[in-house]
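**Student:** Handing you this structure, nothing more for now.
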Ligand code: SF4
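Residue numbers (our numbering): 1 to 180.
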């Protein structure tokens, strides 16, 4: 069996929730607004971690189609923490899945999703389970892409940023909103 090229963690996380997901394009205004919000949240997350006894060791590590936001090291224990930063107030499941997928790409002792207010550290069991499910999703997408594209499993975390015109669950344009 020939596997498709690896999807970015952002897209794969959404395909794991709904194989039919197709990412809606951003307009420039939304993109700029999201980048500004994300940058402000990054500053807050860095400041909070420094207060908690971490030092920042890497920022925005770029890979093929993805960016790992922050990597910290605890000053006392030397444990490394990978942090996925989200400007949303809501800690969505899709963000945790995306963050867990980054654990395959960088050596870290723990993975967290952070917003302006909190840092949610993922359990190692969750990270392992997500990586197992990611392999299954890759196989489903590779084995029968046509069927996968027509498999619709609505999820509140992703339908609002989807653009699959074949899906009966696609929100009307007025309900769509930019992803964070
Ligand atoms: S709108 Fe349809 S295809 Fe898109 S994520 Fe929701 S259920 Fe899946």
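Every residue gets a Cβ at the ideal spot worked out from N, C-alpha and C, and that includes glycine.
How do the region 109-122 and the region 77-85 stand: do at least 3 beta-carbon pairs fall below 8 Å, yes or no?
**Tutor:** Flag = yes, the region 109-122 and the region 77-85 touch.
**Student:** What does a CB cutoff of less than 8 Å around residue 168 pick up in its chain, not counting 5 residues either side in sequence?
**Tutor:** Closer than 8 Å at Cβ, skipping near neighbours: 152.
**Student:** Leaving out the 5 sequence neighbours to the left and right, which residues in its chain are closer than 6 Å to residue 119 when beta-carbon positions are compared?
**Tutor:** Once the five neighbours on either side are set aside, the close Cβ partners of residue 119 are 112.
**Student:** Could you name the residues of the same chain whose beta carbon sits closer than 8 Å to that of residue 67, not counting the 5 residues immediately before and after it, in chain order?
**Tutor:** Answer for residue 67: 60, 61, listed in chain order.
**Student:** Relative to the C-alpha of residue 15, which residue among 58, 159, 129, 128 is closest?
**Tutor:** Of 58, 159, 129, 128, the residue nearest in Cα terms is 159.
**Student:** In this structure, what does DSSP give as the bridge partners for residue 56?
**Tutor:** According to DSSP, which records beta bridges pairwise, residue 56 is partnered with 72.
**Student:** Decide if the region 49-56 is in contact with the region 68-77; the criterion is three or more beta carbon pairs, one per stretch, under 8 Å apart.
**Tutor:** At 8 Å Cβ cutoff, the stretches touch.
**Student:** Quick check: what's the CA-CA separation for residue 117 versus residue 130?
**Tutor:** About 25 Å.
**Student:** Under a three-way DSSP split, which group does residue 160 fall into?
**Tutor:** Of the three classes helix, strand and coil, the one that applies to residue 160 here is helix, per DSSP.
**Student:** Quick one: what's got a C-beta closer than 8 Å to residue 17's C-beta in the same chain, skipping five residues either side?
**Tutor:** Excluding residues within five positions, the ones whose Cβ falls inside 8 Å are 93, 94, 97, 153, 155, 157, 158.
**Student:** Would you mind working out which of 108, 29, 9, 36 sits nearest residue 78, comparing C-alpha positions?
**Tutor:** Comparing Cα positions, the closest option is 108.
**Student:** Out of 91, 10, 22, which one is the CA nearest neighbour of residue 171?
**Tutor:** Considering only alpha carbons, the answer is 22.
**Student:** For the ligand SF4, I want to know if residue 9 counts as a neighbour, meaning its beta carbon is within less than 7 Å of at least one of the ligand's heavy atoms.
**Tutor:** No, the beta carbon of residue 9 sits no closer than 7 Å to any heavy atom of the ligand SF4.
**Student:** Say the cut is 7 Å; is the CB of residue 158 nearer than that to a heavy atom of the ligand SF4?
**Tutor:** Yes.
**Student:** From 134, 103, 150, 142, pick the residue whose C-alpha is nearest to that of residue 123; which is it?
**Tutor:** Out of 134, 103, 150, 142, 103 has the C-alpha closest to the C-alpha of residue 123.
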